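Below: one structure, written as structure tokens.
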Amino acid sequence: MSIGRKIGAIFLLVLFVAAANILLVKGLLHDFNGIAATVNVAGKLRMLSQKIAFETVDMSMGQGSGMDDIEHGMAEFDTALLALTHGGVAFGLDVHKLPLRHAAPLDAVGARWDSYRANVEKLLAAAAPDGAALLQAIRGDAALLLDNTEALIGSIVRENQSAQEQALLKMYALLLADMLMLFAAFAAVHRQMIIPLRQLSHHCRELAAGNYSARVGYRSSDEIGQLALAFNDSAQRIGLLVAHIEQDRRSLQQAEAMFRGIAENTMVGVYIVQDGRFRFVNATMAEMFRYDRHEMLASLDAYDIFAEEDLPKIKGKASPRPGGDASGERQERRGRRKDGSIINLEIFGSKMELDGELVTMGIAMDITARKEVEASVRMAALVYQNSSEAMVVTDADGVIINVNPAFSAITGFSAAEVVGGKLSILSSGRHDTAFYQAMWHALNNTGKWQGDVWNRRKNGEEYAERLTINTSYDDDGSVRCRIGLFSDITKKKQSDAFIWRQANYDHLTGLPNRQLFQDRLDRAIARSDRSRLPMALVFLDLDFFKDVNDTLGHGTGDELLKQVAKRLSACVRATDTVARLGGDEFTIIMGELRSTDMAERLCHQTLRALAKPYDLGEEVATISTSMGVTFYPSDGADAQELLKNADLAMYAAKDKGRNQFCYFTRAMQQNAQNRRQLLRDLAGALGQRQFLLHYQPIVELATGRVRKGEALIRWMHPSLGLIGPGEFIPLAEDAGIIVGIGDWVFREAARQAALWRASHHADFQISVNVSPAQFAAEGLSHDEWLAHLQQLDLPGHSIVVEITERLLMDTNPEVRNKLLAFRDAGIQVALDDFGTGYSSLSYLKKFDIDYIKIDQSFVRNLGPDTDDMALCEAIIVMAHKLGLKVIAEGVETIDQRDLLIRAGCDYGQGYLFSAPLAAEKFSVFLESFA
């Protein structure tokens, strides 16, 4: 029987067992369902017996649903009892006839039902005279019938439990039968299939281990038996084949020994390649490529020993020729060693058949050294002929032997024109005899010289060359020749000079910058020490140059700086230095002064020169200059101290009104120290409540009424007393604490405005000065100021913010946004010191200015026919045309007041009306106008 039939028989046996299991389980399930239906119907009998009793009692008492329900209940009871007795359908359930063992309880239920039914029917009859007795009988029958149905249900349940126990025993028996049949099937499979396969597997392993006499003893007509016969036949054939192979191997070993003897003793690399891999390499071949021989044979592809760029050519040559031509071919290729280094190879190989396979057998030689020598010779010739550096070869006496093309390109002389002559043909005459003597001294002692030489071309043009000379010696130490290499560095010399100028000169004005100024100043100090003559350092700063930049543009400002540089250069001596330190700051170094009066004359000349108008294209500008002068060695011991002193003197000139010069004095150092101390005290003044406000009235000139006042800050210094804002406000701006001080001024002025609006007049205004530094700083929050006004229940127009013309020209958008926010909130804006700086009328409308304050410098000399009067009238007319009010500052005389009234000025402020007063005295002043 075949293996397929055996497996089929076992499958049918298992299928039969499964079918038997299904049928048995199905029968058990059917019995269980029948018992469940019987128990259900018996339970219905119990329920109906009680239901009929309750409904009968209720009907007799005139309650309940009526006779139809009772009769329907009795009919259902009859149907259920009949189904249990004879079998049938009750309540939709298929009920089997109860066995005889349930006859006694079933008959008891039937007998009791007959009595119970008769009493119910009597009671239902309309003429029943003994209704109460019947009800009592019905109750008794219902109780007895309940007991009878309970007994019937108990009998059926006991039968069900017995049936379950029987079914469980049948299931155990079926499981045991299944296990026995499966064991029998496994035993058959093990005997007919597994044991023979194990034997066959064991003999296969013996055959693989070299036991060619291994034979399988299993005999059968199935497939395993046929496989055993095939194995025995194969084992016999393999044994015979191995014997023949062993004989051929011994013959090959002899031939291989002869080949290896030749290959291992040759000085060239020998290789055999088959299918792209090395089949044999000799020791020389492995050493040539820095591999272990076993490594080349085991893991190296034949193409891996060649440079990647040569692989396409090598693979093309490796293809077999048509017709099996085995002729050899010589090639020169580049090889790649294990470490990645490249060598040059000469290869001779030919294709042949070995053991029936096409192989390539050949030899390889390392020709790297030979190639390097050849390349070196060629490279030297190429370098000599194509180098961008000029090369010249001379004998020991300096006679030219040969020159390269670059020599001719640089000098303009051909080889024919210079060979046999000397290099003096190139001499420019710039270098003296001592220069060339030093060169020959170095050559004779060291054989080398290097340096920069100025020579002359054939066309007469001078050029700079960087020359290097080396000497070649014979074996006896005598000079064989000298080799000179040089390149044209003329452009580099020019470039170096340009870079030096860029690093040391101001690109805008062409004057020395800070770096060269420092060097010149150090040199001037050194010369002064040697000559024992003083020197002067002048520090210049252009007055209001920023206003020119802001109003006319940076391009125009740059042009003005260029003209300033030219004018300064024209004022000084040829030995003096004019430098630009940056921005609008310049310096003049005057060395070896015979008299200090020379510095004073220079300063006067400079002031006059720089004060002249500047033609700036479409614009004309006029500026002034503040200058500080210091002397060495009387004022300072080094360059840093001199520069600091000159800076102090320059600021002193600015403090005196600009457009002048000041000499440095020791008092200036003391003033600088006082300034630093004052700044330290100022840092804590706000926290210590040392500030206070004075108020100066602003009078309406037409009526004499006072509805406005300007808040002016004062500093009550604990040791210095009352200090005016002109002394400490610039310090606060420089130190960055002006924002906190300005915020205090605003809040204090707003508080006072609220008091005077309540006590004096509801429209009273207070003007507050706001520094440009406050607007530029991040700490100024207009939102907080507006919120403070709301807390005081003050409208925006109760405060006037006074600004300067310079603030209007600030291009910072943050400054403009803050200014516009004040305007939008109703806070009015006054332009202070109008006419003293650069401004544009467009700014007045752009920022919605409310008041223009004429600077006191125009009011001070006010007269009927003066220029100041004309300017004041022009300012007033212009302001009124623009819808602005005008306030004149510095009104000190009645004549000034009357002239301003006639000119139409709106308000006046000055000592004629009142000096700045403390808040208490200002309140008394206001009461006098009430």
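Position 881 of the sequence shown, counting from 1, maps to 880 under numbering that gives the first Met the number 0, and the rest follow consecutively. For glycine and all other residues, C-beta sits at the position ideal for the given N, C-alpha and C. None of the values given here were measured: they were computed from a predicted structure.
- Between V769 and I802, the CB-CB gap stays under 8 Å.
- In this structure, the straight-line span from the alpha carbon of R675 to that of T621 is close to 34 Å.
- Sequence-distant Cβ neighbours of E75 in its own chain, meaning closer than 7 Å and more than five residues away, are L47.
- Under the DSSP assignment, Y650 falls in the alpha helix (DSSP H) whose first and last residues are A638 to D654.
- Here the C-alpha atom of I524 lies approximately 21 Å from the C-alpha atom of C661.
- With contacts defined by Cβ atoms closer than 8 Å, F516 and T586 form a contacting pair.
- When DSSP states are grouped into helix, strand and coil, Q689 belongs to the coil group.
- With fewer than 16 other Cβ atoms inside 10 Å of its own Cβ, V376 counts as exposed.
- Comparing alpha-carbon positions, the option among F727, G419 and G703 lying closest to S927 turns out to be G703.
- Following the DSSP letters along the chain, one finds K884 inside the beta strand (DSSP E) bounded by residues K884 to A887.
- G739 and A682 have their C-alpha atoms some 10 Å from each other.
- With 16 or more neighbouring CB atoms inside 10 Å of its own CB, S154 falls in the buried class.
- Counting every other CB atom within 10 Å of its CB across the protein chains shown gives W755 a total of 16 or more, marking it as buried.
- Comparing alpha-carbon positions, the option among K653, K370 and L807 lying closest to I848 turns out to be L807.
- Taking a contact as a CB-CB distance under 8 Å, the pair T629 and L536 counts as one, their CB atoms being some 5 Å apart.
- The three-state secondary structure of E584, taken from DSSP, is strand.
- Counting other Cβ atoms within 10 Å of its Cβ, S527 reaches 16 or more and is therefore classed as buried.
- The way I'd put it, the stretch 714 to 730 does touch the stretch 680 to 700; three or more beta-carbon pairs between them come closer than 8 Å.
- Counting of Cβ neighbours within 10 angstroms places W499 among the exposed residues, the total staying below 16.
- Counted as a single uninterrupted DSSP element, the beta strand (DSSP E) harbouring S766 occupies residues Q764 to N768.
- Secondary structure of L541 (DSSP, three-state): strand.
- Taking C-alpha positions only, D365 is separated from T467 by approximately 38 Å.
- Contact between A749 and I798 holds, with the beta-carbon distance rounding to 6 Å and staying under 8 Å.
- The beta strand (DSSP E) runs of length 3 or more contained entirely in the stretch 44 to 101 are, from start to end of the chain, 87 to 89 and 92 to 94.
- Residues L685 and F690 of the same chain have their beta carbon placed closer than 8 Å to that of W743, with the five preceding and five following residues left out of the count.
- The C-beta separation of A306 from I341 comes to about 6 Å, placing the pair in contact by the 8 Å criterion.
- Bounds of the alpha helix (DSSP H) holding G554 are H553 to C570.
- Membership of K707 in the beta strand (DSSP E) is indicated by the continuous run V705 to H716.
- Contact annotation: T508 and K561 have beta-carbon atoms nearer than 8 Å.
- At a Cβ-Cβ threshold of 8 Å, A405 and S386 count as neighbours.
- The C-beta of Y472 has fewer than 16 other C-beta atoms within 10 Å across all chains shown, which makes the residue exposed.
- E591 carries a coil assignment under DSSP once its states are collapsed to helix, strand and coil.
- Taking C-beta separations shorter than 6 Å and ignoring five residues to either side along the sequence, the partners of R713 in its chain run L691, H693 and L721, following chain order.
- With a contact defined as Cβ atoms closer than 8 Å, R111 and L143 qualify at about 5 Å.
- Per DSSP, the unbroken beta strand (DSSP E) holding R465 starts and ends at E461 to Y472.
- By alpha-carbon distance to D894, the top candidate from R332, M868 and A651 is M868.
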